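Counting in our numbering, the final residue of the sequence shown is number 51, and the numbers go up one at a time with none missing.
Heads up, the beta-carbon is just placed ideally off N, CA and C, and yes, glycines get one too.
Since the structure is predicted, the reported quantities are computational estimates derived from the model, not experimental observations.
Down below is the structure, laid out as structure tokens.
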Amino acid sequence: MGETELFVVYSTREHTLCSIINFERVVISEFDLAEAVTFGLIAELKTKVH
2 MGETELFVVY
12 STREHTLCSI
22 INFERVVISE
32 FDLAEAVTFG
42 LIAELKTKVH
């Protein structure tokens, strides 16, 4: 989240990503996804991206 970005925009983006990733079944928790967005991709997501 950038300094000028509203939390609502950031939160909406996170929920959209979570919905896309967990479309048919839960693959990653919202907390893990939030950490990935904040700190970089976790190992589980890196394997899914590549």
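### Message
Quick check: what's the CA-CA separation for Ser30 versus Val9?
### Response
By one-based count along the sequence shown, residue 30 stands at place 29. By one-based count along the sequence shown, residue 9 stands at place 8. Rounded to the nearest angstrom, the two C-alpha atoms are 19 Å apart.
### Task
Whole angstroms is fine: what's the gap from Leu34's alpha carbon to Arg14's?
Here residue 34 refers to the residue found at position 33 of the sequence shown. Here residue 14 refers to the residue found at position 13 of the sequence shown. Cα-Cα distance, rounded: 11 Å.
### Task
With a cut-off of 8 Å on the beta carbons, I'd call Ile22 and Val28 a contact; round off their distance for me.
In the sequence shown, counting from the first residue as 1, residue 22 sits at position 21. In the sequence shown, counting from the first residue as 1, residue 28 sits at position 27. Right, their Cβ atoms sit about 6 Å apart.
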